[in-house]
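Asks: If you read the sequence shown in our numbering, its first letter stands for residue 954, the second for the next number, and so on.
Pasting a structure below so you can have a look.
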Amino acid sequence: MITKADKGQTLIIITKDAYESKVHDFLQNNDFVKISKDPTALYTRETRKTINTCKTLVPDYSKWKYTNMNPHPPNIRGLLKIHKPDAPIRPVVNWQHAPAYKLAKSLSDRLQQELQLPYTFNVKNSIHLMSEISNIAPYNSNTRLASFDISNMYTNIPTTKIPSIITEICNNLSILKSVGIELIKLIKTVLRQNYFSFQNNIYKQTTGLAMGAPTSAILSEI
């Protein structure tokens, strides 16, 4: 089979067995559990129920915009990290057909609009990074830059404190109580849909944020 490398525009020719073995290694070495029943129907009902109860953020006339028709489990594929020993995979999860995809996409925009995060730990690009570094003093020709990489970042982000953090931010910003309550309801619905498929098997992620979910980037910042 032919697949993409994680970095650059490189194409890789690899046997299907070797590729599948690398994906299975990733699944076995992280907190993923194979489940016997596809929870998509359950998650679809939960999504619709949440939408129906959040009338401030999701008015009746626009509910159709947040419902994914004919949903099915997100699927995972692997991009090979050929710049690392044994070429492990970087997982890429396509969340577009998940029950809460449209809801999560809208929620991500709403969180950015409402919470006014300072994005203390983010940089836009390499130019922004160099600009931030240039403000650090003192530095000289002996200064060295160390780069720390988080392994599987989204799966290692704790989620239990997210609702209380958002509630605190809403209180500090004097956001309407009804808006804050509904934000928490929507977030909890999205957080529960932490699953994906590979080779006709369904896997549930037991910790962290869902890979591929539109809300995972802003929730990790929160």
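Here a beta-carbon is modelled for each residue, glycine too, at the ideal position from N, C-alpha and C.
Kindly indicate which residue of Ile955, Pro1038 and Val1046 has the alpha-carbon position closest to the one of Ala1166.
Replies: Val1046
Asks: Identify, in the order they occur along the chain, each residue of the same chain with its Cβ nearer than 8 Å to the Cβ of Leu1136, setting aside the five sequence neighbours on each side.
Replies: Leu1010, Leu1060, Arg1063, Leu1064, Glu1067, Ile1119 and Cys1123
Asks: On the DSSP bridge assignment, give the partners of Phe1149 in chain order.
Replies: Tyr1156
Asks: Could you pull the DSSP bridge partners for Arg1030 from this structure?
Replies: Val1045
Asks: Determine the closest residue to Pro1052 out of Ala971, Asn1147, Ile1128 and Leu1126, with distance taken between C-alpha atoms.
Replies: Asn1147
Asks: Output the distance between the C-alpha atoms of Lys960 and Thr1108, rounded to the nearest integer angstrom.
Replies: 21 Å
Asks: Which residues in the same chain as Asn1105 place their Cβ atom closer than 7 Å to its Cβ, once the five residues preceding and following it in sequence are excluded?
Replies: Asn983
Asks: From Ile1175 to Tyr972, what does the alpha carbon distance come to, in whole angstroms?
Replies: 35 Å
Asks: Could you check what DSSP says for Lys957 in three-state terms: helix, strand or coil?
Replies: Strand, per DSSP.
Asks: Residue range of the beta strand (DSSP E) that Val986 falls in?
Replies: Phe985 to Ile988
Asks: What does a CB cutoff of less than 8 Å around Thr968 pick up in its chain, not counting 5 residues either side in sequence?
Replies: Met954
Asks: Going by Cα to Cα distance, which pick from Thr1000, Leu1082 and Leu1033 is closest to Gln962?
Replies: Leu1033
Asks: Rounded to whole angstroms, what is the Cα-Cα separation between Asn1023 and Ala1099?
Replies: Rounded to the nearest angstrom, the two C-alpha atoms are 47 Å apart.
Asks: Three-state secondary structure (DSSP) at Leu1136?
Replies: helix
Asks: Please tell me whether Leu1139 and Leu1082 are closer than 8 Å, where the distance is taken between their beta carbons.
Replies: no
Asks: From Arg1001 to Val1143, what distance separates their C-alpha atoms?
Replies: 12 Å
Asks: Quick one: residues in its chain with C-beta nearer than 8 Å to the C-beta of Gly1133, no 5 flanking neighbours on either side, listed in chain order?
Replies: Ile1119, Thr1120, Cys1123 and Asn1124
Asks: How would you label Trp1017, buried or exposed, when you count the other beta carbons within 10 angstroms and need 16 or more for buried?
Replies: exposed
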